[in-house]
Structures are given as structure tokens and as C-alpha cells.
Amino acid sequence: MCRILTGKAAAMREVIIIAGVYLPEVPKSGCYHFKTMQVYFGPVNNMKGQMENLDIDYLTMVQGRQEGESNMREFENSYNHMGKLGLQFNNYEIPGILLSRLAGVSDGNTAFSAAKTPEAVNMNFILSGAMRSRLHANNSDFLIKKFQHNLIYLENFDGSHNFPDGTTSAFHVMFDKAYFCRLIDYNEEQTGRLLEKIEKKEGFFANKHMMPVMPDMLTTINDITLCKLTGPFRRIFMEGKALELLSHTLNQAAHYTPARQKLNATDLQRIKEVKEYLDCHYLNPGSMLEICRMFCLNDYKLKTGFRALYQDSVFGYIHLRKMQLGKKLLEDGQMNVAQVSDCIGYANHFSAAFRKYFGFSPSQLKR
107 MCRILTGKAA
117 AMREVIIIAG
127 VYLPEVPKSG
137 CYHFKTMQVY
147 FGPVNNMKGQ
157 MENLDIDYLT
167 MVQGRQEGES
177 NMREFENSYN
187 HMGKLGLQFN
197 NYEIPGILLS
207 RLAGVSDGNT
217 AFSAAKTPEA
227 VNMNFILSGA
237 MRSRLHANNS
247 DFLIKKFQHN
257 LIYLENFDGS
267 HNFPDGTTSA
277 FHVMFDKAYF
287 CRLIDYNEEQ
297 TGRLLEKIEK
307 KEGFFANKHM
317 MPVMPDMLTT
327 INDITLCKLT
337 GPFRRIFMEG
347 KALELLSHTL
357 NQAAHYTPAR
367 QKLNATDLQR
377 IKEVKEYLDC
387 HYLNPGSMLE
397 ICRMFCLNDY
407 KLKTGFRALY
417 QDSVFGYIHL
427 RKMQLGKKLL
437 EDGQMNVAQV
447 SDCIGYANHF
457 SAAFRKYFGF
467 SPSQLKR
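If you want this note's numbering, it's the position in the sequence shown, counting the first as 1, plus 106.
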């Protein structure tokens, strides 16, 4: 059972989320009977004994499908607070797997809490913003920042999840425990240890550190969200891509060590100086080789260290600063799109890059 808490305490209301799925309305009649999850709906202040309850186990609904079925359920759920979009999920449900895209907008501190959640293996990819989770199992308290992720198993995921001010977006994959265990080889050292922990109901993170979301992972997530296939081919594609993400994650977890642990204090200070340099010279930063020579760093240390410290690549950060400047210049109204494009060094592709970054064209901003 999950509930969203938002706004001032006196005005807090609840909406149910099951396995990452929002149910904005309680059915007028009927009760869903599956296995384990008791769901309560109503004002938070009236949680005890004053709400209708529904017996729902979302993962049982996933498990209940026959493995050979080709159908896949897709649905959206959203929660609005005081007329504004608070949280929205786009969900893809296939046997044994639930994929969800989350978008959350908070102008305060927004949270949702969960109780009586099912046993599952979860992958969380934070694409913007951040999420802090405080879970009862293992007294887990962890923060996942922008472009970080991990694979997590706990006996349950009861607890709270908080979003900071601004926009948070994430991609979440939930594997039914039995489905996940069927994929894993007992005889392989790393995955065999994971299976042993699951059998003993010992919670774990695939890597003790939050790992960076790599470009191939972003490509896979993008493939899922932009998939144009229909019917049984769509289901096959989605399941294959979910397993592709799992493969990338387990492989990364087996080898990943944060760059800050590989770099000494001098190197870390030099990387911070690189960022300060880019903040002043992002319109003409020079080549990667020139930056490395300027700050006495090799290419590997600069790339891995910069991403570890700032959750972005060097040129990704340069692109960010250029887009921010372009937007500001357009908002000031003193320059047209072509002039802004020339100013920030995008001779041919500024409009496309701007649309991809902000979600709307620069000409729309000018209006």
C-alpha cells in the first residue's frame, strides 16, 4: 500500500500506489481479492479505521498471467495536488515484470509511503532530480541522484520516498522474485551470491555504491519509451529490453568502483578546477586534450572523475551551460534565434538541440 503526502501537514491527502502504480479513485463497488496487500484509501489523518480497504496484491496480478501469453497491459496513473500535476506513472506490465516511467513535480517536499509491499527485485534509474528512500527493511536509508541507479532486493519496500523541489523523472523496473531467480545462474560467482541472499531474505544492493547511468542504458530506456511496435511483438521487445537493462546493470555492478576512490586528493581538486574553468569558458572550452594538458590530468581520470563528481560528462556539462545561456538570451528578447545560435556556437543544429533539451522549440519561447 502506498500513499502520497504533499503540501502542508494539515492539508495532506492520500492517493494509493501499488507497485509504483497510482489509483486515483477508489472503485465504487467490489473488492479485488488476490493475496497479501491491504490497501487503504482516504485522508491521511483518518487512516485508522475510517477508510474503505481493498485486498490487492499487484505482483500476483503479474504472476497470474500465463508465461506464454503475448498480451501486455499499458496504463497511466497520475496524482494532482491543488490543480497541479504532482506525480505521473506510465506503466508497461508483462508477466513477471513491471516497467514504469515516473515524472514528479514538487514545489515543496513531496513524498509517498508504502506498506505491505511485495517481495521483488527493483532497478531504479534517476534521470533528473533525486529520490531519497527510507525503508524499514534493513533500516535502509539511501539517496539516488540524477543519472545514478542501482539494483536492490529487500524482503519488502515498506517505507517512504521523498522528492526535493523541482522535477524528478525516473525509470523503474520491478522483477517478480521467482522470475528474477529463474534468470540467474547458481554456478556463476557474482549472481550465485545474489541468489543465496534472496533465499535467506537478506537485502542487498547489486553494488554498495550508486552507479552512474551509462549511455547504453539511456539508449535502452529510450528504446522502450519510443517503441512503435504493437501486439505480441511489442511485448517481446519490451521484455527483451528489460532484460538488456538487467544485463548491463549486473555487469556494471560486478566491476564498478567510484572514481573518487580511484583518484587521489590532488586529482579530485584538479577536476573541481576543470568545472570552474568550464563555468567561465564553456563557449570556447578547447578540446578534451587541451583541457587535460591544462590541468595535468589524463583522459580517463578527467572523464570518469568529472562524471562521478557531477553526474555528467565534460561535454554534457558544456552543452547544459550553452542551452541555459541560449534560453536566457531568448527570454531577454534582444536577439533572434539565429543570433542566439551563432552566439553559443550552434551553427546548424541549435533548434533541434534546444527542443531535445527543453521539450519545446526556441521559436515558441520567442512568442
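Where is the CB? At the ideal position from N, CA and C, for every residue including glycine.
Beta-carbon proximity list for LEU208, same chain, < 8 Å, skipping 5 on both sides: Working through the sequence shown from its first residue, we reach residue 208 at position 102. GLY126, LEU193, GLN194, PHE195, THR274, SER275, ALA276, PHE277, HIS278, listed in sequence order.
Express the C-alpha separation of ILE232 and CYS327 in angstroms, rounding to a whole number. Your numbering for residue 327 matches position 221 in the sequence shown. Your numbering for residue 232 matches position 126 in the sequence shown. Here residue 327 is Ile; the residue named in the question, Cys, does not match the sequence. Using only the alpha carbons, I get a separation of about 11 Å.
Quick one: measure Cβ to Cβ for ALA414 and THR355, integer angstroms, because I've assumed they're closer than 8 Å. The residue given as residue 414 occupies position 308 in the sequence shown. The residue given as residue 355 occupies position 249 in the sequence shown. ALA414 to THR355, Cβ: 18 Å. No contact.
Looking at the strands, I want to know which residues DSSP matches up with GLU182. As a first step, residue 182 must be located in the sequence shown, where it is residue number 76. Paired residues: ASN196.
Fully enclosed by the stretch 410-461, which alpha helix (DSSP H) runs are 4 residues long or longer? 420-438, 443-450
Between the CA atoms of SER206 and GLU175 - distance to the nearest angstrom: Taking the sequence shown and counting its residues from 1, one reaches residue 175 at position 69. Taking the sequence shown and counting its residues from 1, one reaches residue 206 at position 100. At GLU175, the pLDDT of 48 sits below 50, so the modelled position is not reliable; the number obtained from the coordinates is stated separately. Going from the Cα of GLU175 to the Cα of SER206 covers about 20 Å.
Where does SER206 fall in DSSP's three states? Locating residue 206 in the sequence shown gives position 100, where the first residue counts as 1. Strand at SER206.
C-beta atoms of HIS255 and ASN228 nearer than 7 Å: Taking the sequence shown and counting its residues from 1, one reaches residue 255 at position 149. Taking the sequence shown and counting its residues from 1, one reaches residue 228 at position 122. Not closer than 7 Å, so no.
Using only the alpha-carbon positions, how far apart do ASN442 and LEU324 sit? Taking the first residue of the sequence shown as 1, we reach residue 442 at position 336. Taking the first residue of the sequence shown as 1, we reach residue 324 at position 218. Roughly 33 Å separates the two Cα atoms.
Whole angstroms are fine: how far does the CA of MET429 sit from the CA of TYR463? Within the sequence shown, the letter at position 357 stands for residue 463. Within the sequence shown, the letter at position 323 stands for residue 429. Spanning the two alpha carbons is a distance of roughly 8 Å.
Looking only at DSSP bridge pairs, what is ASN256 linked to? For the purposes of this step, residue 256 is taken as the residue at position 150 of the sequence shown. According to DSSP, ASN256 bridges with ASN230.
For ASP247, report the span of its beta strand (DSSP E) as first-last. Translated into positions along the sequence shown, residue 247 becomes position 141. First-last of the beta strand (DSSP E) with ASP247: 246-251.
Comparing C-alpha positions only, which one of SER246, ASN390, CYS449 sits nearest to GLY265? Counted from its first residue, the sequence shown places residue 265 at position 159. Measuring from the Cα of GLY265, the nearest candidate turns out to be SER246.
Using the three-state DSSP reduction, which class does ALA236 fall into: helix, strand or coil? Here residue 236 is taken as the residue at index 130 of the sequence shown, counted from 1. ALA236 falls in the strand class under three-state DSSP.
Alpha-carbon spacing of LEU395 relative to TYR406, whole angstroms: Here residue 395 corresponds to residue number 289 of the sequence shown, with the count starting at 1. Here residue 406 corresponds to residue number 300 of the sequence shown, with the count starting at 1. Between LEU395 and TYR406, the C-alpha separation is close to 11 Å.
Nearest to GLU317 by alpha carbon, out of ASP373, ASN293, TYR416? Reading the sequence shown from its first residue, position 211 is the one you call residue 317. It is worth fixing the name first, because residue 317 is Met in this sequence and not Glu. Checked all of ASP373, ASN293, TYR416; the closest Cα to MET317 is TYR416.
Go through its chain and collect everything with a Cβ distance to LEU403's Cβ below 6 Å, but skip five positions before and after it. The residue you call residue 403 lines up with position 297 of the sequence shown. Excluding residues within five positions, the ones whose Cβ falls inside 6 Å are ARG376.
Please report the straight-line C-alpha distance between LYS307 and GLY337, rounded to a whole angstrom. Locating residue 307 in the sequence shown gives position 201, counting from the first residue. Locating residue 337 in the sequence shown gives position 231, counting from the first residue. Their backbone Cα atoms lie some 37 Å apart in a straight line.
Close Cβ partners of THR331 (< 7 Å) along its chain, the five nearest in sequence each way excluded: Taking the first residue of the sequence shown as position 1, residue 331 is located at position 225. Same-chain partners within the cutoff: ARG207.
Tell me the rounded alpha-carbon separation between LEU436 and ILE397. Counting from 1 along the sequence shown, the entry for residue 436 is found at position 330. Counting from 1 along the sequence shown, the entry for residue 397 is found at position 291. Computed Cα separation, rounded: 30 Å.
For ASP271, does the three-state DSSP call read helix, strand or coil? For this step, residue 271 is matched to residue 165 along the sequence shown. Looking at ASP271 - three-state DSSP - the assignment turns out to be coil, as it is neither helix nor strand.
Have a look at MET400, GLY422, LYS378 and flag the residue whose alpha-carbon is nearest the alpha-carbon of GLY411. Numbered from its first residue, the sequence shown carries residue 411 at position 305. Nearest of MET400, GLY422, LYS378 to GLY411, Cα basis: LYS378.
Are the beta-carbon atoms of VAL446 and GLY432 separated by less than 7 Å? One-based indexing of the sequence shown puts residue 446 at position 340. One-based indexing of the sequence shown puts residue 432 at position 326. Yes, these two residues count as a Cβ contact at 7 Å.
Given this structure, state the Cα-to-Cα distance separating LYS134 from VAL211, to the nearest angstrom. Reading the sequence shown from its first residue, position 28 is the one you call residue 134. Reading the sequence shown from its first residue, position 105 is the one you call residue 211. With a pLDDT of 32 at LYS134, under the threshold of 50, the predicted position of this residue should be treated as unreliable, though the coordinate-derived value follows. Rounded to whole angstroms, LYS134 to VAL211 spans 29 Å at the Cα level.
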